[in-house]
Amino acid sequence: MTKNGQFITFEGIDGAGKSTHIRFVQQLIEDHGIKVVSTREPGGTELGETLRSILLNQKMHLETEAMLMFASRREHLAQVIEPALASGKWVISDRFTDASFAYQGGGRHLSIEKLNALERWVHPHLQPDLTFLFDVPIDVAKARLDATRTLDKFEQENSEFFTNTRNEYLRRAREFPNRFRVIDSTRSIEEIRAEIQEIVNDLITKQRTMTHKKATR
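Mapping the sequence shown onto our numbering, position 103 (from 1) lands on 103, and the numbers just tick up by one.
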């Protein structure tokens with residue numbers, strides 16, 4: 001796949017507040033005249049949304065859950081993400097493969113080797129250019145969830161599950177420091193958005209510099 005756009009993902013445990021900032025980032029990028037596709041996982045396609053309903057609400061074997069997540073992702077990549085990036089659009093996704101490592105790997109204890117194998121199969125040559133990891137203590141996340149809506153099967157998990165999920169997210173951030181930006185999501189929306197804006201503007205500047213260099217060779 002020829003990739004001309006940039007791929008940004010939003011990650012974090014349920015209740016971390018990541019979804020609050022997705023539209024803000026989309027608008028930031030569009031204000032620079034860049035076309036943006038905003039999507040989510042599981043989901044993003046007609047098939048993906050059907051699988052989302054199953055995955056978030058039905059109990060199933062751990063390996064079945066992981067494989068359905070990656071099946072939805074493969075369709076998402078083929079139908080939405082890869083065509084958009086190839087055309088020069090930027091893609092923003094509410095969750096991607098880091099979520100599988102965090103939830104199925106960290107939370108449910110599926111072996112990292114199996115997740116690595118699925119990742120190599122489904123998208124061996126594509127990783128996000130930037131991943132925002134919204135991080136909060138477990139008690140803060142739980143309090144936010146309890147105050148919102150009917151919870152899906154993941155949101156209903158216990159504190160140990162979320163602790164393990166959060167720890168795996170943070171481990172991934174340490175493993176891939178060049179693309180992860182860990183956001184302290186206990187702060188005010190204004191403080192968080194000021195940090196996000198600086199990071200996104202820096203990415204736009206770098207991408208335009210690279211494009212200019214290619215054009216003048």
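For every residue, glycine included, the Cβ atom is placed at its ideal position computed from N, Cα and C.
#### Entry: 8 Å Cβ cutoff met for residue 84 and residue 37
Mapped onto the sequence shown, residue 84 falls at position 84. Mapped onto the sequence shown, residue 37 falls at position 37. Contact: yes.
### Task
Pull up the CB-CB distance for residue 115 and residue 180, whole angstroms please, since I reckon it's below 8 Å.
What you label residue 115 is simply residue 115 of the sequence shown in a count that begins at 1. What you label residue 180 is simply residue 180 of the sequence shown in a count that begins at 1. About 17 Å; that fails the 8 Å criterion.
### Query
Around the Cβ of residue 191, are there at least 16 other Cβ atoms within 10 angstroms (buried) or fewer (exposed)?
For the purposes of this step, residue 191 is taken as residue 191 along the sequence shown, with counting starting at 1. When all chains shown are included, residue 191 counts as exposed.
### Query
Can you name the residues that DSSP bridges to residue 53?
Looking up residue 53 in the sequence shown gives position 53. Answer is none; residue 53 lacks a bridge partner.
### Task
Identify whether residue 95 lies in helix, strand or coil by the three-state DSSP scheme.
Taking the first residue of the sequence shown as position 1, residue 95 is located at position 95. The three-state secondary structure of residue 95, taken from DSSP, is coil.
### Query
Between the beta-carbon of residue 88 and the beta-carbon of residue 165, is there less than 8 Å?
Residue 88 sits at position 88 when you count from the first residue of the sequence shown. Residue 165 sits at position 165 when you count from the first residue of the sequence shown. The answer is no: Cβ separation not under 8 Å.
### Query
On the three-pair Cβ rule with 8 Å, is the segment 117-133 touching the segment 32-52?
no
### Query
Per DSSP, residue 184 is paired with what?
As a position in the sequence shown, residue 184 is number 184, starting the count at 1. Residue 184 is bridged to 135.
### Query
Using a Cβ-Cβ cut-off of 7 Å (strictly less than) and excluding sequence neighbours within five positions of residue 57, which residues of its own chain qualify?
For the purposes of this step, residue 57 is taken as residue 57 along the sequence shown, with counting starting at 1. Counting only Cβ-Cβ distances below 7 Å, and skipping sequence neighbours, we find 152 and 153.
### Message
residue 8 and residue 92 - do their beta-carbons sit closer together than 8 Å?
### Response
Position 92 of the sequence shown, counted from the first residue, corresponds to residue 92. Position 8 of the sequence shown, counted from the first residue, corresponds to residue 8. A contact, by the Cβ cut-off of 8 Å.
### Query
Quick one: what does DSSP say residue 10 is sitting in, helix, strand or coil?
Locating residue 10 in the sequence shown gives position 10, counting from the first residue. If DSSP states are grouped into helix, strand and coil, residue 10 belongs with the strands.
### Reduced DSSP secondary structure (H/G/I, E/B, other) of residue 108
Taking the sequence shown and counting its residues from 1, the one referred to as residue 108 is at position 108. Coil.
### Short Cβ contact (8 Å threshold) for residue 15 with residue 145
Translated into positions along the sequence shown, residue 15 becomes position 15. Translated into positions along the sequence shown, residue 145 becomes position 145. Yes, they are a contact pair.
### Message
Let's test the definition: count the other Cβ atoms within 10 Å of the Cβ of residue 18 and tell me whether it reaches 16, buried, or not, exposed.
### Response
Against the sequence shown, residue 18 aligns to sequence position 18. Answer is buried; the Cβ neighbour count reaches 16.
### Message
How far does the beta strand (DSSP E) with residue 37 in it extend, from its first residue to its last?
### Response
Numbered from its first residue, the sequence shown carries residue 37 at position 37. Where residue 37 is concerned, the enclosing beta strand (DSSP E) stretches over 36-40.
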